[in-house]
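Chemist:
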Amino acid sequence: MPVVSRRGVLRAAALSSLALPLSGCVMAGEGPGRGVAGGSADEIYLDYATYNPLSLIIKSKGWLEKVAAEHGQSVTWVYSAGSNKANESLRAGVVDVGSTAGSAALLARANGSPIKTISLFSQPEWSALVRTAASPVRAVADLAGKSVAVTKGTDPYFFLLQSLKAAGMSAEDVTVTNLQHADGRTALDSGRVDAWSGLDPIMAASEQNGDVLFHRKLEYNTYGFLNVREVFLRLNPTGAQDVVNTYAYARSWAARHRDEGIEVLAEAAKIDLDTATRVWHRTHLDIDPVPGEKQLAVLREVGPILVDSGDVPSQQDVDDALAGIVEQHYAQSADADAAARAIEGNAP
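For reference, each letter of the sequence shown is one residue, going -28 to -1, 1 to 320 in mature numbering (1 follows the signal peptide of the UniProt record, and there is no 0).
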């Protein structure tokens, strides 16, 4: 069987879709070919996503390319339309590093995807239940017998399941319409569904245009997880540390350059500045990036829901995933100054 290179996979994906971030299509950069399920010691394939503002900043500034070049590494970026797409890319070996919600990372590992979480990129309130302004829906209980658009395998999906459970309901009490995030918003606004479990920045744009977030719970939003394939950690630990160091630098930069960060988000997500500002304010970037017990505690609450919904075969699968998903070393060793030296050089 011929070896299929990542370049070939990414180019085929790009040719078969329109490269628009909010449409949920795939975009990819060019890079050296290699086996799709493989990896190497001198290449980094990673994603960028509108729900991960730090990734947008790093990509737009070309920072990782400078940091990685110090160790003779190349960098290729791949667009993720949602956590489900990032998980697909990680499992297929299209990317080495992918951005997902914590719940989606747990789902993937519990179903056999060999990934580790090496850093956190945010603590966002990126999910909520959304209705149109004219809708009679006011509370979760009002969704009984109604249709809800959501992207399965993402934080909005688990937000919906947790919200239903808290209201004494389950997914069987509603009609779940599985659509990619942008298509979910379109379905809501066109009247094809009664509600949408949304994701920023698409949700913020929807809100800006009159839709209503009728059910919000920060604690139902799991953290932003930066995940890597285990084979990548074995083959290229230097590349993994370069990524984490660059994220540490970007987090510090974002705290000092809020307005410019919002502009980067607005341009990448194709949203206006007011919408981007709304997203920025509910995307908490000033967090301890080391994954640990605080995040695992949140995921322990999500685990039984995954089993009850049939998304994971058993609680044992969840427990095994929780026991092995976190790798703290890289975030604990994060060195923003090392990244700064490569990025800023001798610039004044």
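Here a beta-carbon is modelled for each residue, glycine too, at the ideal position from N, C-alpha and C.
Measuring alpha carbon to alpha carbon, tell me which of Glu97, Ser305, Arg157, Ala310 ends up nearest histidine 253.
Modeler: Looking at the Cα atoms, Glu97 is the closest of the given residues.
Chemist: Looking only at C-alpha atoms, which of Leu160, Thr194, Arg103 sits nearest to phenylalanine 93?
Modeler: Looking at the Cα atoms, Thr194 is the closest of the given residues.
Chemist: Could you please give the first and the last residue of the uninterrupted beta strand (DSSP E) stretch that includes aspartate 145?
Modeler: Unbroken run through aspartate 145: none, as it is neither H nor E.
Chemist: On the CB-based measure, 16 or more other CB atoms within 10 Å of its CB, does alanine 311 come out buried or exposed?
Modeler: With 16 or more Cβ atoms within 10 Å of its Cβ, alanine 311 is classed as buried.
Chemist: According to the neighbour-count rule (16 or more other Cβ atoms, all chains shown, within 10 Å of its Cβ), is aspartate 309 buried or exposed?
Modeler: With fewer than 16 other Cβ atoms within 10 Å, it is exposed.
Chemist: Taking valine 290 as the reference, which of Ala77, Ser91, Ala40 has the closest Cα?
Modeler: When each option's Cα is compared against that of valine 290, the closest is Ala77.
Chemist: If you follow the alpha helix (DSSP H) that glutamate 25 is part of, which residue opens it and which one closes it?
Modeler: Checking the displayed sequence, the identity of residue 25 turns out to be proline instead of glutamate. Taken as a continuous stretch (DSSP letters only), the alpha helix (DSSP H) holding proline 25 covers 25 to 33.
Chemist: Count the other C-beta atoms from every protein chain shown that fall within 10 angstroms of the C-beta of histidine 153, then say buried if there are 16 or more, exposed otherwise.
Modeler: Buried: at least 16 other Cβ atoms inside 10 Å.
Chemist: Between which residues of its own chain and alanine 177 is the CB-CB distance below 7 Å, once the five residues before and five after are set aside?
Modeler: Ile243, Thr247.
Chemist: Quick one: is arginine 223 buried, meaning 16 or more other Cβ sit within 10 Å of its Cβ, or exposed?
Modeler: Counting Cβ neighbours within 10 Å, arginine 223 comes out buried, since at least 16 surround it.
Chemist: Only counting the same chain, and skipping five residues up and downstream in sequence, which positions put a Cβ closer than 8 Å to that of glycine 296?
Modeler: So the qualifying residues of the chain are Arg81, Lys88.
Chemist: Give the DSSP bridge partners of tyrosine 192, in chain order.
Modeler: Answer by DSSP bridge pairing: none, since tyrosine 192 is not bridged.
Chemist: Report the residue ranges of all beta strand (DSSP E) runs contained in full by the stretch 87 to 144; include only those spanning at least 3 residues, in chain order.
Modeler: Listed in chain order, they are 87 to 96, 99 to 103, 119 to 122.
Chemist: Work out the CA separation of aspartate 258 and alanine 227 for me, nearest whole Å.
Modeler: Their Cα atoms are separated by approximately 7 Å.
Chemist: From Thr72, Ala73, Lys57, pick the residue whose C-alpha is nearest to that of valine 66; which is it?
Modeler: When only C-alpha atoms are compared, the closest one is Lys57.
Chemist: Could you tell me the boundaries of the alpha helix (DSSP H) in which histidine 301 lies?
Modeler: It spans 301 to 304 - the alpha helix (DSSP H) in which histidine 301 sits, taken as one unbroken run.
Chemist: Please classify serine 142 as buried or exposed, where buried requires at least 16 other C-beta atoms within 10 Å of its C-beta.
Modeler: The residue is exposed, with fewer than 16 neighbouring Cβ atoms inside 10 Å.
Chemist: Strictly by DSSP, which residues pair up with residue 374?
Modeler: The structure shown does not extend to residue 374, since the chain spans only -28 to 320, so no value can be given for it.
Chemist: Looking only at C-alpha atoms, which of Asn59, Gly70, Ser32, Glu191 sits nearest to alanine 212?
Modeler: Taking only the C-alpha atoms, the option nearest alanine 212 is Gly70.
Chemist: Do the stretch 27 to 34 and the stretch 202 to 211 meet, that is, are 3 or more Cβ pairs less than 8 Å apart?
Modeler: No: fewer than three Cβ pairs fall under 8 Å.
Chemist: Measuring CA to CA, which of Ser52, Asp214, Gly196 is closest to tyrosine 20?
Modeler: Checking every option, the nearest Cα to that of tyrosine 20 belongs to Ser52.
Chemist: What does the Cβ neighbour count give for glycine 11, buried or exposed, with the cut at 16 atoms within 10 Å?
Modeler: Buried: at least 16 other Cβ atoms inside 10 Å.
Chemist: Please name the residue or residues paired with leucine 198 in a DSSP beta bridge.
Modeler: According to DSSP, leucine 198 bridges with Ser71, Ser91.
Chemist: Does aspartate 292 pass the burial test, meaning 16 or more other C-beta atoms within 10 Å, or should it be called exposed?
Modeler: That one is exposed.
Chemist: Throw me the rounded Cβ distance for the leucine 237 and proline 25 pair, which I believe falls under 8 Å.
Modeler: So it is a contact: roughly 5 Å between Cβ atoms.
Chemist: If you follow the beta strand (DSSP E) that leucine 185 is part of, which residue opens it and which one closes it?
Modeler: Looking at the DSSP string, the run of the beta strand (DSSP E) that includes leucine 185 is 184 to 187.
Chemist: Measuring CA to CA, which of Ala41, Asp14, Val279 is closest to glycine 317?
Modeler: Selected option, being the one with the closest Cα: Ala41.
Chemist: Just mark proline 276 as buried or exposed, buried being the case when its beta carbon has 16 or more other beta carbons within 10 Å.
Modeler: Proline 276 comes out exposed.
Chemist: Taking DSSP as the reference, what is the three-state secondary structure of alanine 21?
Modeler: Reduced to three states, the DSSP call for alanine 21 is strand.
Chemist: Per DSSP, histidine 256 is paired with what?
Modeler: Answer is Gln95.
Chemist: With distances taken between CB atoms, is the gap from aspartate 68 to phenylalanine 204 smaller than 7 Å?
Modeler: Their beta carbons are under 7 Å apart, which means aspartate 68 touches phenylalanine 204 by this criterion.
Chemist: Should valine 148 and valine 184 be called a contact, given that it needs their Cβ atoms to be closer than 7 Å?
Modeler: No; because the gap between Cβ atoms is not below 7 Å, this pair is not in contact.
Chemist: Based on Cα-Cα distance, which residue from Val284, Val216, Pro285, Ala240 lies nearest to glutamine 304?
Modeler: When each option's Cα is compared against that of glutamine 304, the closest is Val216.
Chemist: With 16 other CB atoms within 10 Å as the buried threshold, where does proline -27 fall?
Modeler: A caution first: proline -27 carries a pLDDT of 38, below 50, which makes its placement in the model too unreliable to give a value.
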